[in-house]
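Those sequence lines, one after another, are chains A, B and C. Here the first sequence is numbered in this note's numbering, starting from 3 and rising by one per residue. Here the second sequence is numbered in this note's numbering, starting from 10 and rising by one per residue. Here the third sequence is numbered in this note's numbering, starting from 3 and rising by one per residue.
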Amino acid sequence: MKVLLPLGVVGALLFAASLLVGPAGLGLSESLKALLTGQGGAVVLVMQEIRLPRALLGLMTGAALGLSGAAMQGYLRNPLAEPGLIGVSATAALGAVLSLQTGLAGLFALALPLSALAGATVAVLLILVLAGPRGGALSLILAGVALSALAAALTSLVLNLSPNPFAAMEIVYWMMGSLADRSMTHVWLAAPFMAVGLVMLLSLGRSLDALTLGEDAAASMGVNLTRLRLAVIFGTALVVGASVSVAGSIGFVGLVVPHVLRPFVGARPSRLLPAAGLGGAAVVLAADIAVRLIAPDQDLKLGVLTALIGAPFFLHLIWRLRGEHA
Amino acid sequence: MARRIGRPLWGFVPSFKALVLAALVAGTSPALAEGPGRVVSINLCTDQLAMLLAAPGQLVSVSHLASEVQSSSMVQEAQAYPMNRGQVEQVFLMRPDLVLSGTYTQASTVALLRQLGVKVVQVPPATSLGEAVEQIRIVGRVLGQEAKANALADAFAAQIESARFQGDRRSAAFYYPNGYTTGSGTLANEVLELTGFDNIGADAGVTGGGILPLERLVLAGPDLIVTSQRYPGASRSEDILVHPALKAVQAKAGVELQSDADWICGTPHLLRAITGLQAARAALGAGE
Amino acid sequence: MTLLSLENLTVRRGLCPVVENVTLTVAEGEFVGLIGPNGAGKTSLMRAALGLLPHEGQSSLAQLSPGLRARAAAFLPQGREIAWPLSVEALVALGRGAHLAAPPDADRQAVDRAIDRMGLQTYRARSATALSGGEQARVLIARALAQDTPLLLADEPVAGLDPEAQLKTMEVFATLAAEGRAVVASIHDLGLAARSCTRLVLMQAGRVVADGAPRAVLSDENLAQVFGVRGFHAETPDGPVFQPMGILR
Chain A
3 MKVLLPLGVV GALLFAASLL VGPAGLGLSE SLKALLTGQG GAVVLVMQEI RLPRALLGLM
63 TGAALGLSGA AMQGYLRNPL AEPGLIGVSA TAALGAVLSL QTGLAGLFAL ALPLSALAGA
123 TVAVLLILVL AGPRGGALSL ILAGVALSAL AAALTSLVLN LSPNPFAAME IVYWMMGSLA
183 DRSMTHVWLA APFMAVGLVM LLSLGRSLDA LTLGEDAAAS MGVNLTRLRL AVIFGTALVV
243 GASVSVAGSI GFVGLVVPHV LRPFVGARPS RLLPAAGLGG AAVVLAADIA VRLIAPDQDL
303 KLGVLTALIG APFFLHLIWR LRGEHA
Chain B
10 MARRIGRPLW GFVPSFKALV LAALVAGTSP ALAEGPGRVV SINLCTDQLA MLLAAPGQLV
70 SVSHLASEVQ SSSMVQEAQA YPMNRGQVEQ VFLMRPDLVL SGTYTQASTV ALLRQLGVKV
130 VQVPPATSLG EAVEQIRIVG RVLGQEAKAN ALADAFAAQI ESARFQGDRR SAAFYYPNGY
190 TTGSGTLANE VLELTGFDNI GADAGVTGGG ILPLERLVLA GPDLIVTSQR YPGASRSEDI
250 LVHPALKAVQ AKAGVELQSD ADWICGTPHL LRAITGLQAA RAALGAGE
Chain C
3 MTLLSLENLT VRRGLCPVVE NVTLTVAEGE FVGLIGPNGA GKTSLMRAAL GLLPHEGQSS
63 LAQLSPGLRA RAAAFLPQGR EIAWPLSVEA LVALGRGAHL AAPPDADRQA VDRAIDRMGL
123 QTYRARSATA LSGGEQARVL IARALAQDTP LLLADEPVAG LDPEAQLKTM EVFATLAAEG
183 RAVVASIHDL GLAARSCTRL VLMQAGRVVA DGAPRAVLSD ENLAQVFGVR GFHAETPDGP
243 VFQPMGILR
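The following block contains the structure:
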């Protein structure tokens with residue numbers, strides 16, 4: 003509780019800030035009135051259709067990434083497990099791009115998140131097969147690098163072959179992520195998948211706690227390992243797939259947030275899950291505010307900022323782990 | 010040749026004076042006055058001007074963009090010509106007496122062709138209606154088709170003048186993928202002004218082409234938003250064109266207009282774009 | 003009362019049986035030492051008994067649902083894995099995960115008792131991963147004790163402990179048995195096993211070759227056949243003493 007409350011407050015403040023930051027430079031009272039009462043003409047449109055979905059998506063994707071990072075780390079018992087690093091985001095992006103470019107996404111609304119989900123599922127399965135729980139940092143990172151590279155290459159290939167001249171310019175979007183100019187449509191598209199996935203992952207706390215002592219110990223403490231594995235796979239795929247399909251892949255959030263928050267929750271996976279969800283939301287909201295302040299008229303990618311903060315953390319972790327698992 | 014990336018070519022052109030064009034053409038050999046025998050065009054706009062002006066058999070090849078429906082107003086006519094992709098090898102083997110090209114995207118091609126002894130005339134994209142009219146005369150001159158060109162140019166100029174809107178003005182904006190808009194110093198801007206609109210992009214301080222955040226477009230609430238047609242396949246860049254906030258502004262105005270191939274080059278096909286804008290202005294009615 | 007009953011338990015790795023036709027029952031009050039050379043099948047037997055390995059034959063524990071099984075038997079695996087730097091107290095409390103319905107008071111008492119038994123009072127707030135290997139082993143035993151089950155299966159619980167900790171751990175297990183629970187522990191130190199266990203089960207190549215009182219199981223014949231050593235037995239005021247000595251092969 004003593005961690006969740008401050009995180010919640012910070013998240014709420016950043017959410018509010020996200021609503022108030024934008025190129026249109028609206029007044030505080032004016033924008034709040036427009037948002038809440040729906041009065042104020044064009045300002046209402048700006049608040050309700052442009053800024054609200056952006057802030058909501060920041061909150062949702064951040065929570066998704068933080069929580070899935072914490073869950074994967076807990077399951078693999080490896081602090082390097084992160085959807086972005088181990089190729090889950092990249093493969094989800096491949097799924098999304100494939101459904102967009104083949105026209106599948108145009109057939110029915112849910113095709114886009116479902117395809118991203120399928121991509122993410124394949125990636126999580128491959129990671130479990132290739133690196134496995136307790137597979138060690140080296141095998142996890144190697145599998146992740148291979149998977150990321152393959153997915154990124156295929157994504158670029160598909161986008162380059164697209165008849166749409168803009169598609170090839172969007173490779174960087176799928177790799178780095180952005181919340182610019184999203185609408186409530188995207189919020190509704192992602193929300194149900196994320197809700198189910200978040201609930202699935204949040205319910206894993208006790209099992210992940212027990213897993214701290216290894217699979218045998220956990221099983222002997224009443225954890226159903228098969229059910230746990232399925233919940234991790236599909237929970238992660240749901241939240242990462244949904245988040246990537248509407249915001250691209252935003253790296254390092256799932257790595258940094260659990261890492262920073264772990265000491266504050268006594269390293270217990272069950273307490274880390276909700277904290278990482280809130281922390282992830284705060285980080286993505288902050289990053290999204292920052293990109294708008296740094297380059298108001300350009301679509302600076304979110305992943306640029308998260309990588310700037312996240313990559314040094316990653317190197318630090320590798321440095322610390324180098325003796326343990328190599 | 011760089012792939013056309015959806016924004017009309019005049020979109021990213023800073024103002025360029027007809028003076029430059031005149032300088033490029035000055036000093037051409039007397040032989041040009043009778044017209045070069047084999048002309049190859051490697052630019053979408055010169056393609057169309059050449060097809061309008063060249064004598065039968067004079068034009069040997071046009072660029073592949075001339076037969077793309079997204080960018081060319083003369084797809085039908087272009088079928089009659091072998092197409093080129095603007096690479097030096099291909100163009101050189103056509104043994105041209107004259108190559109017509111644009112000024113921006115083909116600098117290295119032009120330099121190499123000139124090294125190989127090929128005569129190249131570069132025609133910069135028109136950034137105003139006056140330049141568009143003048144370009145017809147200039148291309149006519151280098152093709153040795155001055156009479157034909159002058160007649161076409163005079164008629165074009167007269168029609169532009171007759172299209173000039175008198176009365177109260179409405180606001181309009183161009184809105185393209187990635188929030189791209191077209192501001193002052195562009196052909197499109199002048200076409201807007203001609204037909205009774207004030208360009209929001211120009212008011213927002215955009216010169217040439219630039220980004221106009223959706224928020225600011227919505228707040229400006231233009232009476233007309235000219236968007237672009239979607240390309241086949243999907244892209245996130247074009248998602249902004251179906252954004253609910255943009256749709257709401259468009260719905261309020263009640264008039265929709267999409268720019269197409271007719272908007273890209275300063276050829277007489279521009280008149281069709283002007284007609285479309287006139288209709289939109291008429292639909293908006295007079296006064297609030 | 004029987005707390006564990008195995009019937010014709012067989013575990014195969016590939017085609018090769020690593021545990022073969024083991025039939026065994028453990029009743030309350032017993033401290034069973036599972037002995038045998040490396041690769042005899044001790045670990046596989048325990049894991050299969052808990053249902054953690056695919057097996058043929060019957061195990062009373064493996065038939066239970068995971069939740070019920072967790073309240074019937076605690077397991078201390080051989081690999082002493084502690085993935086995250088939990089505090090000693092939090093780690094021991096993980097053992098309470100099997101008792102979801104238990105009142106918080108009962109949980110706290112069970113954790114306190116386990117920490118006391120393993121002599122970890124001064125370590126409560128320390129990070130478990132920062133402790134020495136032997137200290138970690140004791141913390142993990144305390145975790146299994148906190149699970150508060152009638153039966154404890156422990157795979158090499160005293161390996162790597164210092165002599166004092168070894169003796170204390172064996173004493174705790176013996177006490178548990180005396181309180182009416184049962185402990186099955188695989189042990190390599192035959193001296194410790196002979197001293198504390200109420201019963202020894204000797205395994206070789208997946209089979210049980212001897213089962214009974216320590217003095218009987220550690221006969222010259224069994225020692226020679228299974229371990230290839232001779233042994234020395236003595237009765238002392240502190241209890242029976244056994245020391246393997248002299249390699250025969």
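Here a beta-carbon is modelled for each residue, glycine too, at the ideal position from N, C-alpha and C. The model shown is predicted, which means the values in this text are computed figures rather than measured ones.
Neighbours of V45/A in chain C, taken as residues at a C-beta separation under 8 Å, are lacking, since the least C-beta distance is about 48 Å.
Contact with chain B is absent for E217/A, since none of that chain's Cβ atoms lies less than 7 Å from the residue's Cβ.
A Cβ-Cβ separation of about 15 Å leaves L196/B out of contact with S237/B under the 8 Å criterion. In the three-state DSSP reduction, R56/A falls in the helix class (H, G or I). For P271/A against T214/A, the beta-carbon gap comes to about 7 Å, under 8 Å, which counts as contact.
A distance below 6 Å between beta-carbons, with the five flanking residues on each side excluded, links D150/C to the following residues of its chain, in chain order: A112. For Q103/A, the nearest beta carbon of chain B is closer than 7 Å to its own beta carbon. For F33/C, the enclosing beta strand (DSSP E) has its first and last residue at F33 to I37. By the neighbour-count definition (other C-beta atoms within 10 Å, threshold 16), L295/A is an exposed residue. Considering only beta carbons, the part of the region 99 to 133 of chain C lying closer than 7 Å to chain A consists of G99 and A100, in chain order. If you check the CB distance, V100/B and V151/B do not come in under 7 Å. Proximity of chain A to I84/C at the Cβ level (cut-off 7 Å) is accounted for by T214 and L215, in chain order. Membership of Q245/C in the beta strand (DSSP E) is indicated by the continuous run G241 to I249. Contact check for S247/A and A118/A: beta-carbon distance about 4 Å, within the 8 Å limit, so the pair qualifies.
For F110/A, the three-state secondary structure derived from DSSP is coil. Per DSSP, the continuous beta strand (DSSP E) segment holding S70/B begins and ends at L68 to S72. In terms of Cβ geometry, L257/A and E84/A form a close pair [threshold 7 Å]. Runs of the beta strand (DSSP E) lying entirely within the region 96 to 167 of chain B, each at least 3 residues long, are 107 to 110 and 129 to 131 in chain order. Neighbours of R201/C in chain A, taken as residues whose beta carbon is under 9 Å from its own, are absent, since the nearest beta carbon is some 22 Å off. Residue environment: A196/C is assigned as buried (16 or more neighbouring CB atoms within 10 Å of its CB, all protein chains considered). When secondary structure is reduced to three states using DSSP, M186/A falls in the helix class. In this model, T228/A and D290/A are separated by some 38 Å (Cα to Cα). For A83/A, no chain C residue has a Cβ inside 9 Å of its Cβ, as the nearest lies near 12 Å away. Taking the CA atoms as reference points, E143/B sits about 15 Å from L61/B. When the beta-carbon positions are compared, P65/B and L107/B stay at least 7 Å from each other. Contact annotation, A26/A with L228/B: C-beta distance approximately 5 Å; criterion of less than 8 Å satisfied.
Note on the region 206 to 237 of chain C: whole beta strand (DSSP E) runs with a minimum of 3 residues are 209 to 214, in chain order. Scanning its chain for C-beta atoms nearer than 6 Å, with the 5 sequence neighbours on each side dropped, one finds around A95/A the residues T157, W176, V246 and S251, in chain order.
With distances taken between CA atoms, L202/C lies nearest to E32/C out of E32/C, G81/C, C18/C and E22/C. Using a CB distance cut-off of 7 Å, I173/A does not count as an interface residue toward chain B. Each of D183/A, D211/A, P276/A and A148/A was checked against the Cα of H252/B, and the nearest Cα belongs to D183/A. About 41 Å separates the Cβ atoms of Q206/C and A104/C, ruling out a contact at the 8 Å cut-off.
In this chain, the beta strand (DSSP E) harbouring V28/C covers C18 to A29. When C-beta distances to chain B are compared with 7 Å, the residues of the region 24 to 42 of chain A below that value are G24, P25 and A26, in chain order.
DSSP places E51/A in the helix class (H, G or I) of the three-state scheme. In the three-state DSSP reduction, E77/B falls in the coil class, being neither helix nor strand.
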